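Below is one structure, written out as structure tokens; the observations come after it.
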Amino acid sequence: MLTLDHLAICCTTLAEGAAAVEAALGLPLAPGGQHPHMATHNRLLSLGPDLYLEVIAADPSQPRPAWPRWFDLDRFEGPPRLTNWICRTEDLDAELLHAPDGTGTPVALQRGDFRWRMAVPATGILPFDNRFPALIQWEGSAHPAPRLPDHGARLISLDITHPQPDALRSALSRLTDPRVTVAKGEAALRATIATPQGERHLA
Numbered sequence: 011m012l013t014l015d016h017l018a019i020c021c022t023t024l025a026e027g028a029a030a031v032e033a034a035l036g037l038p039l040a041p042g043g044q045h046p047h048m049a050t051h052n053r054l055l056s057l058g059p060d061l062y063l064e065v066i067a068a069d070p071s072q073p074r075p076a077w078p079r080w081f082d083l084d085r086f087e088g089p090p091r092l093t094n095w096i097c098r099t100e101d102l103d104a105e106l107l108h109a110p111d112g113t114g115t116p117v118a119l120q121r122g123d124f125r126w127r128m129a130v131p132a133t134g135i136l137p138f139d140n141r142f143p144a145l146i147q148w149e150g151s152a153h154p155a156p157r158l159p160d161h162g163a164r165l166i167s168l169d170i171t172h173p174q175p176d177a178l179r180s181a182l183s184r185l186t187d188p189r190v191t192v193a194k195g196e197a198a199l200r201a202t203i204a205t206p207q208g209e210r211h212l213a
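Read left to right, the sequence shown gives residues 11 to 213 (our numbering).
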């Protein structure tokens, strides 16, 4: 089964993305780190004890990898925006048997003492125009969410639109989370987040 793990805001530079999210939510982001395998880096925000948001961008200080970066970052352009969501599973290999073609091949990764395996598509592009979640399996007990400063932000809803909503809903049958909805429309994501300043939106 699948559990909502985190949201990803992609951007052309990490500084631009962090500034945009901090302005939108009125909350400071915490430091993240580098991902040498993908030549990316991030900053993070708690959305509770088991959920978080990451702002992620290509890291110009690292050599570009010989394979496509995750979250379709090699093709990213325009302003920072919510592009992806990530679900965790206790058994990534088993979960991939139920996932749509193109969800990816497990890659072992680490950042500091965090260890995880993540399904990364060979193209960097996830099914349903990147609206199907990336799948992750954390190894060990270390997870970013409980280590982040809690500024009171909580996810109210993650609204997904896609031209093939029924097929996407079927592909998401192993996720039971009332906060996640799927409707017909152009491929897009929109998160509604409760903050101490009121409801805010990221899209």
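Every residue, glycine too, gets a C-beta built ideally from N, C-alpha and C. Every value quoted in this text rests on a predicted model; they were computed, and no experiment measured them.
Quiz item: Who are the near neighbours of residue 179 in its chain, counting only those whose CB is closer than 7 Å to its CB and skipping five residues on each side?
Solution: 192
Quiz item: If you run the structure through DSSP and keep just helix, strand and coil, what is residue 142?
Solution: coil
Exercise. Closer than 7 Å by C-beta to residue 74: which residues in its own chain qualify, once you throw out the five before and the five after it? Chain order, please.
Key: 49
Quiz prompt | residue 109 - DSSP class collapsed to helix/strand/coil | solution = coil
Practice problem: Compute the distance between the beta-carbons of residue 96 and residue 15, then report whether it is under 8 Å. | Solution: yes
Quiz item: Would you call the CB atoms of residue 110 and residue 181 closer than 8 Å?
Solution: yes
Practice problem: Identify every residue that forms a DSSP beta bridge with residue 21. | Solution: Looking at the DSSP assignment, residue 21 forms no beta bridge with any residue, so it has no partner.
Practice problem: State whether the segment 44-58 contacts the segment 153-164, with contact taken as three or more CB pairs (one from each stretch) at a distance under 8 Å. | Solution: yes
Quiz item: Is DSSP giving residue 137 helix, strand or coil here?
Solution: helix
Self-check item: 8 Å Cβ cutoff, residue 153 in contact with chain B
Solution: In the structure shown, chain B cannot be found, because there is only a single protein chain.
Quiz item: Which same chain residues, not among the five before or five after residue 211, have their C-beta less than 8 Å away from its C-beta?
Solution: 34, 200, 201, 202 and 203
Practice problem: Compare the beta carbon distance of residue 131 and residue 112 with 8 Å and say whether it is the shorter of the two. | Solution: yes
Exercise. Please list, in chain order, all residues of the same chain as residue 135 whose beta carbon is under 7 Å from its beta carbon, the five residues on each side excluded.
Key: Answer for residue 135: 82, listed in chain order.
Quiz item: Can you give the Cα-Cα distance for residue 86 and residue 19, rounded to whole angstroms?
Solution: Going by the C-alpha atoms only, they are around 11 Å apart.
Quiz item: Does the separation of the CB atoms of residue 36 and residue 54 fall below 8 Å?
Solution: No. Outside cutoff.
Quiz prompt | Cα-Cα separation, residue 165 to residue 189 | solution = 8 Å
Quiz item: Pick from 64, 167, 84 and 125: whose alpha carbon is nearest that of residue 70?
Solution: 84
Self-check item: C-alpha gap between residue 26 and residue 138, whole angstroms
Solution: 27 Å
Exercise. Have a look at 92, 172 and 114 and flag the residue whose alpha-carbon is nearest the alpha-carbon of residue 78.
Key: 114
Practice problem: Give, in chain order, every unbroken run of the beta strand (DSSP E) that is at least 3 residues long and sits entirely within the segment 149-187. | Solution: 164-172
Quiz item: According to DSSP, is residue 12 helix, strand or coil?
Solution: strand
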